[in-house]
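Below is one structure, written out as structure tokens, with a few remarks after it.
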């Protein structure tokens with residue numbers, strides 16, 4: 001359970017990054033603006049690789065870690 | 001999370017369809033993999049309209065799934081047998097752009113221009129996959145029309161705050177007949193390790209029209225086996241109204257109209273029997289190929305009382321299935337409806 005709690009905590013920190021940018025949340029922003037904002041946020045994140053599966057697979061192979069691939073429709 | 005390589009993909013452009021197979025009507029879907037492309041788990045489930053889209057997922061549930069994925073990763077490859085059924089199925093198209101309707105898209109987003117418009121949306125992929133057999137005049141199967149059944153289709157309601165714990169078993173359902181009980185933690189179904197609701201959906205999605213699926217649950221610390229039996233037409237319980245891709249089915253089958261159940265009081269006021277067809281038009285498209293119903297004379301507020309040969313109580317999903325299994329492009333169907341208490345009839349072309 002401790003590990004689960006730890007994972008939730010870390011997920012919580014990244015929650016906005018995982019599930020952000022729904023149209024309802026973003027209000028008046030255009031779809032293009034939401035996509036660009038999402039890219040800016042994710043590219044600055046230490047935890048996430050943005051839209052680059054080739055890099056992700058290479059990193060998983062090198063590190064021995066499993067991949068968590070999140071497909072998220074922004075607009 | 002530091003134990004995973006986390007990737008965010010916001011487009012279906014150039015998506016490897018031989019690897020990423022999930023419910024393409026969802027706007028949030030997770031695939032857990034080994035670097036050798038072995039799939040450990042899928043996460044992300046939905047069966048409601050946008051305002052209720054998060055009802056079947058939670059951070060706690062996702063965290064439990066992640067913990068189990070780490071266990072599977074540690075045990076890999078000795079646990080290949082439990083993972084075999086989770087692996088992607090052969091495909092006829094390698095990337096979305098191989099479908100004619102999506103051929104105009106590039107393999108990358110246009111960040112310097114209209115970026116949203118340059119994106120292949122996942123639901124477009126679902127539409128393209130369904131359109132191919134329809135335009136070719138091939139039979140549309142229940143599996144195509146009713147994809148990714150949620151567990152409640154078979155009478156299982158899972159607790160979204162867990163990985164796969166049964167919250168409720170519906171009376172007189174296949175799940176009840178199979179012996180499932182509230183509180184059971186699903187371990188194996190059809191010999192696959194269950195790590196999420198999406199895993200159950202994957203198994204049901206690929207189950208035959210009639211099936212006997214062995215399962216194992218943890219109940220009070222004991223492993224309890226059983227068999228889930230699915231009768232013919234079980235998939236037809238799956239409602240598809242919430243799906244974004246159903247918009248295109250409405251174009252094909254309903255001429256761009258949206259049909260919703262009529263309220264009991266309204267049914268009574270219109271002197272319609274309980275078992276009679278009664279679907280209200282909540283929307284009728286006005287443009288292009290979505291305006292066929294409108295151009296035939298249908299208007300919002302009309303109440304359908306007959307559609308082709310159907311006169312008994314049906315859902316919008318039932319009507320769509322009737323058209324896609326009994327009719328073909330170019331056929332004309334008769335629609336009888338009530339407006340201001342008067343019965344009218346029109347004929348509408350199937351697209």
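Residue numbers (the working numbering), protein chains in the order written: chain A, 1 to 75; chain B, 1 to 351.
Glycine residues also receive a C-beta, built at the ideal position from the N, C-alpha and C atoms.
These numbers were taken from a predicted model, which means no experiment stands behind them.
Check	Outcome
List the residues of chain A whose Cβ lies closer than 8 Å to the Cβ of residue 4 of chain B, in chain order.	65, 66, 67, 68
Bridge partners of residue 345 of chain B, per DSSP?	B/336
With three or more beta-carbon pairs closer than 8 Å as the criterion, would you say the region 108 to 118 of chain B touches the region 142 to 157 of chain B?	no
For residue 7 of chain B, tell me which candidate among B/23, B/28, B/189, B/215 has the shortest Cα-Cα distance.	B/28
May I have the straight-line CA-CA distance separating residue 107 of chain B from residue 12 of chain B, to the nearest angstrom?	9 Å
If you scan the region 59 to 125 of chain B from start to end, which runs of the alpha helix (DSSP H) of 4 or more residues do you find wholly inside it?	59 to 75, 80 to 83
Counting only the same chain and skipping the five closest in sequence on each side, list residues whose C-beta sits under 6 Å from that of residue 23 of chain B.	148
Considering only the beta carbon of each residue, do residue 278 of chain B and residue 254 of chain B sit closer than 8 Å?	no
List the residues of chain B whose Cβ lies closer than 7 Å to the Cβ of residue 32 of chain A, in chain order.	114, 115, 116
Exposed or buried, which one is residue 21 of chain A when buried takes at least 16 other CB atoms within 10 Å?	Confidence at residue 21 of chain A is low in this model, with a pLDDT of 47, below 50, so its placement is unreliable and no value can be given for it.
Ordered along the chain, which non-local residues of its own chain (more than five positions away) have a Cβ less than 6 Å from that of residue 356 of chain B?	In the structure as shown, chain B begins at 1 and stops at 351. Residue 356 of chain B is therefore absent and cannot be evaluated.
Express the C-alpha separation of residue 189 of chain B and residue 212 of chain B in angstroms, rounding to a whole number.	10 Å
Within the same chain, show all residues whose beta-carbon is closer than 8 Å to that of residue 169 of chain B, passing over the 5 residues directly before and after it, in chain order.	155, 156, 157, 175, 176, 180, 181, 182
Interface residues of chain B around residue 89 of chain A at Cβ under 8 Å?	With chain A running from 1 to 75 in the structure shown, residue 89 of chain A is simply not present.
Going residue by residue through the region 224 to 271 of chain B, where are the continuous beta strand (DSSP E) segments of at least 3 residues, counting only ones entirely within it?	257 to 261
Going by alpha carbons, who is nearest to residue 235 of chain B out of B/142, B/69, B/224?	B/142
Using the DSSP secondary-structure output, state which residues sit across from residue 29 of chain B in a beta bridge.	A/71
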